[in-house]
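All letters in the sequence shown, in the order written, are residues 4 to 116 by the numbering used here.
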Amino acid sequence: MLQHDSTRPHIARICTQFLEAENIPVLAWPADSPDMSPIEHVWEALERRIRQDVPVPSNIQQLRMAIEEERTNIPQATIVNLINSLHEDELNCMRQMVARFIMDEYCVNIHAV
4 MLQHDSTRPH
14 IARICTQFLE
24 AENIPVLAWP
34 ADSPDMSPIE
44 HVWEALERRI
54 RQDVPVPSNI
64 QQLRMAIEEE
74 RTNIPQATIV
84 NLINSLHEDE
94 LNCMRQMVAR
104 FIMDEYCVNI
114 HAV
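Right, dumping it as structure tokens:
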């Protein structure tokens with residue numbers, strides 16, 4: 004299952020066709036909803052860590068290496084804290100969307116039998 008924020012680049016025809024061709028189910032998600040996506044908070048933490056590097060990466064190869072290095076250095080506790088910092092209403096909304104997705108997949112699979 005893939006979760007993305009339904010912004011234009013993610014729902015472009017070529018992306019949608021690829022996901023369908025690979026049979027990758029996509030969880031419906033509101034567009035531009037970074038507050039509800041824990042990975043966005045992890046990316047922000049990663050960006051802050053990389054910006055503290057001296058010298059700051061100056062090309063794609065250096066940036067790729069910095070991302071890999073810092074990604075492995077983010078403590079698991081930091082990631083857990085970012086997830087736990089989501090508000091209860093955001094968590095409830097996420098639970099409802101996941102439940103709706105599971106029910107939709109279940110109904111599709113029953114009708115296919």
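Note that CB positions come from ideal geometry on N, CA and C, so glycine has one too.
{"Item": "Cutting at 6 angstroms between CB atoms, please list the residues of its own chain near I42, excluding the five before and the five after it.", "Value": "none"}
{"Item": "What span of residues does the alpha helix (DSSP H) with A15 cover, start to end?", "Value": "Run containing A15: none; DSSP gives neither H nor E here."}
{"Item": "Taking the straight line between their C-alpha atoms, what separation do you get for A80 and E50?", "Value": "17 angstroms"}
{"Item": "Could you check where the alpha helix (DSSP H) with N84 kicks off and where it finishes?", "Value": "Q79 to N87"}
{"Item": "Short check: CB of I117 to CB of V45, under 7 angstroms?", "Value": "The chain is shown only over 4 to 116; residue 117 falls outside these bounds and no answer can be derived."}
{"Item": "Check this for me: beta carbons of P60 and L66, under 7 angstroms apart or not?", "Value": "yes"}
{"Item": "Using DSSP with H/G/I as helix, E/B as strand and the rest coil, what is V59?", "Value": "coil"}
{"Item": "Suppose the cutoff is 6 angstroms on Cβ atoms and the five residues either side in sequence are ignored; what does the same chain contact list for A115 look like?", "Value": "Low confidence applies here, because A115 scores a pLDDT of 49, under 50, leaving its location unreliable; read the following figure in that light. Counting only Cβ-Cβ distances below 6 angstroms, and skipping sequence neighbours, we find nothing."}
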